[in-house]
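Asks: Residue numbers (the working numbering): 3 to 111. Glycine is no exception: its CB is placed at the ideal position from the N, C-alpha and C atoms.
(1) Within 10 angstroms of the Cβ of residue 62, are there 16 or more other Cβ atoms? Answer buried if so, exposed if not.
(2) Would you report the Cα separation of residue 16 and residue 6, rounded to the nearest angstrom?
(3) At which residues does the alpha helix (DSSP H) containing residue 5 begin and terminate?
(4) In its own chain, which residues sit with a C-beta less than 6 Å from the C-beta of residue 14, not counting the 5 before and 5 after it?
(5) Measuring straight from C-alpha to C-alpha, what distance separates residue 108 and residue 19?
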């Protein structure tokens, strides 16, 4: 895995010495401006299958990472997936992000 990490500095944040670095600010920006769907296994979901930061008419958060789901008005691109989430003909209506919860079945069927 270490060799793969060294070979992919475009994905993994590594220092000049090859050690892993944290770049939380960059990851936050990528999540806010470039992500249309979040897939996770540790989301906080209520009994109605809403993430913990759902607001009226908008899926605004990703459970354990609520800041990732907000609607940044500085979005630089509109992907088809993002545009398909627009449900009103209002030109000011913005797209929404999709949240996928992965879970292991708790019982056999």
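Replies: Taking the structure as given:
(1) Along the chain shown, one-based indexing puts residue 62 at 60. With a pLDDT of only 47 at residue 62, under the threshold of 50, the placement of this residue in the model should not be trusted; the figure read from the coordinates follows. Residue 62 comes out buried.
(2) In the chain shown, residue 16 corresponds to position 14, counting from 1. In the chain shown, residue 6 corresponds to position 4, counting from 1. Cα to Cα, the separation comes out at about 12 Å.
(3) In the chain shown, the residue the question calls residue 5 occupies position 3. Its alpha helix (DSSP H) spans residues 4 to 9.
(4) On the chain shown, position 12 is the one that residue 14 refers to. Closer than 6 Å at the Cβ level, and outside the excluded window around residue 14, lie 7.
(5) One-based indexing of the chain shown puts residue 108 at position 106. One-based indexing of the chain shown puts residue 19 at position 17. Roughly 44 Å between the two C-alpha positions.
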